[in-house]
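What follows is a short report on a single structure.
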Amino acid sequence: MSYNMNDITKSIPRRGKLIVVEGIDGSGKSTQLRLLEKWLVSRNMPVFFTEWNSSETVKQITKKGKKSGQLTPITFSLLHATDFADRYERNILPLLHAGYIVLADRYVYTAYARDIVRGCNPNWVKKIYEFAIKPEIVFYFKVPIDIAVDRILSGRPRLKYYEAGMDLNLSNDPYESYRIFQSRIIEQYEFLSVSENFTIVDGTMEIEESQRFLRSMVMKLLPLQFAKKNRRPRRQ
Amino acid sequence: MNYKTIRSLRGKKLRKGIFYGHAIPYLEDTEIKGRFIVIEGPDASGRSTQIELLSSKLEADGHAVLNAGLRRSELIGQGILEAKRNFVLGRKTISLFYAADFADQLENKIIPGLRAGYIVLSDRYIYTLMAREAVRGISSSWSRNLYGFALRPDIVFYLDVDPNELVHRVFKKNSYLDYYESGTDLRLSDNMLESFVMYQKLLRKEFKRMQKRYNIISINGNRSISEINEDLRKRIDVYLQNLQNY
Numbered sequence: 151m152s153y154n155m156n157d158i159t160k161s162i163p164r165r166g167k168l169i170v171v172e173g174i175d176g177s178g179k180s181t182q183l184r185l186l187e188k189w190l191v192s193r194n195m196p197v198f199f200t201e202w203n204s205s206e207t208v209k210q211i212t213k214k215g216k217k218s219g220q221l222t223p224i225t226f227s228l229l230h231a232t233d234f235a236d237r238y239e240r241n242i243l244p245l246l247h248a249g250y251i252v253l254a255d256r257y258v259y260t261a262y263a264r265d266i267v268r269g270c271n272p273n274w275v276k277k278i279y280e281f282a283i284k285p286e287i288v289f290y291f292k293v294p295i296d297i298a299v300d301r302i303l304s305g306r307p308r309l310k311y312y313e314a315g316m317d318l319n320l321s322n323d324p325y326e327s328y329r330i331f332q333s334r335i336i337e338q339y340e341f342l343s344v345s346e347n348f349t350i351v352d353g354t355m356e357i358e359e360s361q362r363f364l365r366s367m368v369m370k371l372l373p374l375q376f377a378k379k380n381r382r383p384r385r386q
Numbered sequence: 003m004n005y006k007t008i009r010s011l012r013g014k015k016l017r018k019g020i021f022y023g024h025a026i027p028y029l030e031d032t033e034i035k036g037r038f039i040v041i042e043g044p045d046a047s048g049r050s051t052q053i054e055l056l057s058s059k060l061e062a063d064g065h066a067v068l069n070a071g072l073r074r075s076e077l078i079g080q081g082i083l084e085a086k087r088n089f090v091l092g093r094k095t096i097s098l099f100y101a102a103d104f105a106d107q108l109e110n111k112i113i114p115g116l117r118a119g120y121i122v123l124s125d126r127y128i129y130t131l132m133a134r135e136a137v138r139g140i141s142s143s144w145s146r147n148l149y150g151f152a153l154r155p156d157i158v159f160y161l162d163v164d165p166n167e168l169v170h171r172v173f174k175k176n177s178y179l180d181y182y183e184s185g186t187d188l189r190l191s192d193n194m195l196e197s198f199v200m201y202q203k204l205l206r207k208e209f210k211r212m213q214k215r216y217n218i219i220s221i222n223g224n225r226s227i228s229e230i231n232e233d234l235r236k237r238i239d240v241y242l243q244n245l246q247n248y
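In order, the protein sequences belong to chains S and L.
This note's numbering puts the first sequence at residues 151 to 386.
This note's numbering puts the second sequence at residues 3 to 248.
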């Protein structure tokens with residue numbers, strides 16, 4: 151009676167492309183993905199953009215739990231998995247089947263990194279997300295912790311409780327806690343970047359330069375006619 | 003009492019540890035003084051009646067009793083109800099939603115209760131969730147991993163009621179068949195009654211399959227309330243007595 155759901159999804163031809171950006175807050179990944187989206191839309195490609203922790207059904211509950219401060223690491227992890235599964239089952243997978251280019255601002259790797267840092271068992275976390283297909287490409291935005299922290303703190307007066315990793319009791323000072331939490335996440339990303347074959351982007355590069363790199367990499371994944379069209383100089 | 007003494011107290015079968023799979027790392031050294039009893043069974047099998055009766059009896063005997071169950075967490079329980087009402091969620095999403103709700107209850111209610119020395123009576127547990135997932139085509143290895151953080155109960159009872167008998171009990175209670183309890187989402191039959199019986203048979207089969215792995219004690223639930231209660235009470239008494247004699 152029981153069979154693996156992965157078997158079904160694997161048997162359906164998938165025509166779309168899944169492009170993922172990963173990296174800590176302030177690494178510049180979201181800016182780059184938005185620029186990539188603009189570019190693909192301007193070329194009339196069917197594009198869908200999806201963000202971490204954004205399913206309408208689940209978001210409210212996660213928010214409520216975060217406010218109450220009673221989320222334990224396992225509950226925290228499972229709520230994010232629910233959020234991901236909802237977006238995956240309703241958007242990501244059907245859109246990929248329909249031939250869309252799906253741009254994901256964070257994917258399962260964010261869950262791996264954060265949940266493992268919070269003390270969940272790595273095998274447990276990975277097995278939960280095993281239904282998620284492997285992306286065509288994962289851009290990992292690598293940036294020194296100081297730069298990322300500066301970028302985040304300059305735009306924001308206060309850090310939120312879970313954002314700063316205060317639930318981990320790393321430090322009573324939210325800023326210090328945030329820094330330790332983020333550097334532990336970087337450690338996890340470093341492991342993943344090898345095992346999951348990330349494409350590394352130097353997060354300290356100029357925005358334009360990074361974007362050129364991203365576009366050149368994405369171009370390779372797209373149909374030939376797209377590449378040709380792109381090289382043709384614009385008519386005045 | 004610490005983890006090791008619990009292991010020795012619980013004898014051979016449960017020596018594997020107090021969690022089923024990957025334990026909650028930060029809870030590994032939890033001291034658990036209470037007892038954990040689970041009653042499983044389909045809707046209208048008499049679970050809540052039995053739990054009420056058992057609670058009164060145990061309290062009369064001088065035990066502190068705490069009741070728990072599925073979809074009871076303040077945080078998430080309501081959200082699941084709303085989401086189900088809208089018929090929008092996919093199967094993996096629903097499973098994870100339930101798991102999150104369960105985790106919240108386990109960590110914020112069941113474990114604190116057991117630490118404080120309560121007898122925790124749970125109205126359903128992970129077995130119902132795993133059975134529902136299995137009949138919906140979700141791989142059992144995925145489900146087993148998902149609930150790996152669950153605490154191993156001391157005793158698990160399954161109130162086994164013939165699905166054809168169950169229908170009558172449901173009608174006595176509600177006069178209609180619940181959408182999900184009838185497995186309507188599985189489209190087994192256009193006839194709601196037939197769908198209900200087929201769905202309950204599938205779940206029952208899953209319980210039979212899980213029985214050995216999880217040491218589930220099957221209780222003949224086709225009998226009267228008092229007969230079932232006497233059966234449960236005897237078994238619990240024997241269990242508690244054996245613990246004292248160690």
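Glycine included, every Cβ here is placed at the ideal spot set by N, Cα and C.
With 16 other Cβ atoms within 10 Å as the buried cut-off, status of residue i
i: Met3(L); result: Only weak support exists for where Met3(L) lies, its pLDDT of 40 falling under 50; the coordinates are left without a value.
i: Asp45(L); result: buried
i: Met194(L); result: exposed
i: Thr260(S); result: buried
i: Met369(S); result: exposed
i: Arg165(S); result: exposed
i: Tyr257(S); result: buried
i: Glu33(L); result: exposed
i: Lys35(L); result: exposed
i: Ser366(S); result: exposed
i: His230(S); result: buried
i: Tyr241(L); result: exposed
i: Thr51(L); result: exposed
i: Leu245(L); result: exposed
i: Arg193(S); result: exposed
Sheet register partners of residue i (DSSP bridge)
i: Thr200(S); result: Ala254(S)
i: Gly300(L); result: What the structure shows of chain L is the stretch from 3 to 248, and residue 300(L) is not part of that stretch, so it cannot be assessed.
i: Arg37(L); result: Ile121(L)
i: Lys207(L); result: Answer is none; Lys207(L) lacks a bridge partner.
i: Leu116(L); result: Leu116(L) is not bridged to any residue.
i: Phe289(S); result: Val171(S) and Thr349(S)
i: Phe198(L); result: DSSP, once it has assigned bridges, lists no residue as partnering Phe198(L).
i: Glu42(L); result: Tyr160(L)
i: Phe302(L); result: Given a span of 3 to 248 for chain L in the structure shown, any question on residue 302(L) remains unanswerable.
Coarse secondary structure for residue i, derived from DSSP in three states
i: Ala248(S); result: coil
i: Ser124(L); result: strand
i: Phe331(S); result: helix
i: Arg49(L); result: helix
i: Ser10(L); result: Interpretation of Ser10(L) is limited by its pLDDT of 42, a score under 50 that renders its predicted location unreliable; the figure taken from the coordinates is listed afterwards. Here Ser10(L) sits in helix by DSSP.
i: Asn217(L); result: coil
i: Asp352(S); result: strand
i: Val169(L); result: helix
i: Asp192(L); result: coil
i: Tyr160(L); result: strand
i: Leu131(L); result: helix
i: Glu183(L); result: coil
i: Asn222(L); result: strand
i: Leu342(S); result: helix
i: Leu245(L); result: helix
i: Leu153(L); result: strand
i: Phe99(L); result: helix
Would the stretch 340-360 of chain S and the stretch 292-302 of chain S be scored as touching if the rule is three or more Cβ pairs under 8 Å? yes
List in chain order: all unbroken alpha helix (DSSP H) runs of 4+ residues lying wholly within the stretch 291-327 of chain S. 295-304
Per the contact definition of three or more C-beta pairs closer than 8 Å, is the stretch 194-214 of chain S in contact with the stretch 55-72 of chain L? no
Could you say if the stretch 272-283 of chain S and the stretch 141-157 of chain L meet the contact criterion of at least three C-beta pairs nearer than 8 Å? yes
What beta strand (DSSP E) runs, 3 residues minimum, are completely inside the stretch 181-240 of chain S? 197-201
Can you confirm whether the stretch 130-140 of chain L touches the stretch 156-172 of chain L when touching is taken to mean that 3 or more C-beta pairs between the two stretches lie within less than 8 Å? no
Any contact between the stretch 97-108 of chain L and the stretch 239-250 of chain S? By contact I mean 3 or more CB pairs, one from each, below 8 Å. no
Is the stretch 231-242 of chain L close to the stretch 171-184 of chain L, with three or more CB pairs under 8 Å? no
For the structure I just gave you, are there three or more beta carbon pairs, one from the stretch 247-255 of chain S and one from the stretch 186-203 of chain S, closer than 8 Å? yes
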